[in-house]
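Asker: In our numbering, the protein residues as written are 1 to 301.
Beta carbons are placed, not taken as given, at the ideal position from N, Cα and C, and that holds for glycine.
#1: Would DSSP call residue 181 helix, strand or coil?
#2: Indicate the three-state DSSP secondary structure (helix, strand or coil) for residue 5 in the structure shown.
#3: Once DSSP output is grouped into helix, strand and coil, what is the label at residue 12?
#4: With H, G and I counted as helix, E and B as strand and the rest as coil, what does DSSP make of residue 99?
#5: Please say whether residue 12 and residue 61 have beta carbons closer to each other than 8 Å?
#6: Measuring only the C-alpha atoms, how far is residue 25 from residue 267?
#7: Could you check if residue 185 is buried or exposed, using at least 16 other CB atoms within 10 Å of its CB as the buried criterion?
#8: Where do the N-terminal and C-terminal ends of the alpha helix (DSSP H) with residue 122 fall, by residue?
#9: Apart from the five residues on each side of it in sequence, which residues of its chain come closer than 8 Å, Cβ to Cβ, to residue 82?
#10: On a Cα-Cα basis, can you pick out the residue from 114, 166, 74 that is closest to residue 101?
#11: Under a Cβ-count criterion, where at least 16 other Cβ atoms within 10 Å of its own Cβ denotes burial, should residue 300 be classed as buried or exposed?
#12: In terms of alpha-carbon separation, which member of 69, 104, 56 lies closest to residue 76?
#13: Skipping 5 residues on each side, what residues in its chain have a beta carbon closer than 8 Å to that of residue 296?
#14: Since residue 243 and residue 46 should fall inside the 8 Å C-beta cutoff, what is the C-beta to C-beta distance between them, to a whole number of angstroms?
#15: List the residues that DSSP assigns as beta-bridge partners of residue 212.
#16: Where DSSP assigns a beta bridge to residue 257, which residues make up the other side?
#17: For residue 194, tell me which candidate among 221, 158, 124 has the shortest Cα-Cα distance.
#18: Which class does residue 284 belong to by DSSP, given the choice of helix, strand or coil?
#19: Using three-state DSSP, classify residue 300 as helix, strand or coil.
#20: Closest to residue 153 by CA distance: which of 141, 159, 163 is it?
#21: From which residue to which residue does the alpha helix (DSSP H) around residue 148 run?
#22: Can you tell me where the beta strand (DSSP E) holding residue 234 begins and where it ends?
#23: Could you say which of 15, 54, 287 lies nearest to residue 6 if we only look at CA atoms?
#24: Give a yes or no on contact between the segment 165-180 and the segment 106-126, applying the rule of three or more CB pairs nearer than 8 Å.
#25: Is DSSP giving residue 302 helix, strand or coil here?
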């Protein structure tokens, strides 16, 4: 039996999204699982179960969190419990009012996805997105932080490096500095069908998760090892109360329990979770969601 509780959890406010990004189940409208918004009372009850030992709460799994009408109320509730709160947004809902409410909610860290510094490049991945809105929303947040004299949320520009935007890496760093965000973070992209190559795979190798093989195919640059710290320290709770092992299980194919039927502790320490953890230790490469994952992997020399 696994003792203790997770230090970190991810909770999914919604599966809905306003964009149509090509490597995202929300953007592709490709879920086979139910879709919807988390109920505020369910959220509060779940946090009440976990808050005593929980440290880090990620308000994100799939979907755009700001679409949920009670999202910032839930952030404020978690902040009141003393939890460190973080979310990721595509930045299209940060009007002046929402920017102020975001700061008032107590949110600690906000990741803003900005995958291009010109509209033409940006929309090649962030399909149906508007770069000017993202920049305007960022300015709103920074102006309110300065006006109120506060340091949070810590603002991160996250740049998902793909082939169409790789030439703008220095540009996004300059843009972040000019706007006054706290950090610009470059992120490698997960590609679903990578083995025969893909137009999104960067040609700058350091920013690619995939290696071009002599036969012309592609493979992951990491060799899986039979361990994963996330199985013992964190989990994901979907909008409708399913517990899944990690953020790579985007379609919730490995449901380890339902909070509508059992307490969190009963699921976390239960037989289904024990069997899944065991499967990680004896053959992680056999688990579908692990095959394209960089977490806890050994890098090839």
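Answerer: Inspection of the coordinates gives the following:
#1: Correct three-state label for residue 181: coil.
#2: coil
#3: coil
#4: helix
#5: yes
#6: 26 Å
#7: exposed
#8: Counting along the chain, the alpha helix (DSSP H) containing residue 122 begins and ends at 119-125.
#9: 51
#10: 74
#11: The predicted model places residue 300 with a pLDDT of 37, which falls under 50 and marks its position as unreliable; any figure quoted below should be read in that light. Result: exposed.
#12: 104
#13: With a pLDDT of only 48 at residue 296, under 50, the local geometry of the prediction cannot be trusted, and the value read off the model is given with reservation. Cβ neighbours of residue 296 beyond the five flanking positions: 225, 227, 228, 229, 230.
#14: Incorrect: roughly 10 Å between the Cβ atoms, too far for contact.
#15: 218
#16: 243
#17: 221
#18: helix
#19: Reliability fails at residue 300, whose pLDDT of 37 lies under 50, so the model's placement of it is uncertain and the value that follows must be treated cautiously. Here residue 300 sits in coil by DSSP.
#20: 141
#21: First-last of the alpha helix (DSSP H) with residue 148: 131-148.
#22: 234-237 is the extent of the beta strand (DSSP E) around residue 234.
#23: 54
#24: yes
#25: No information on residue 302 is available, as it lies outside the stretch 1 to 301 that the chain covers here.
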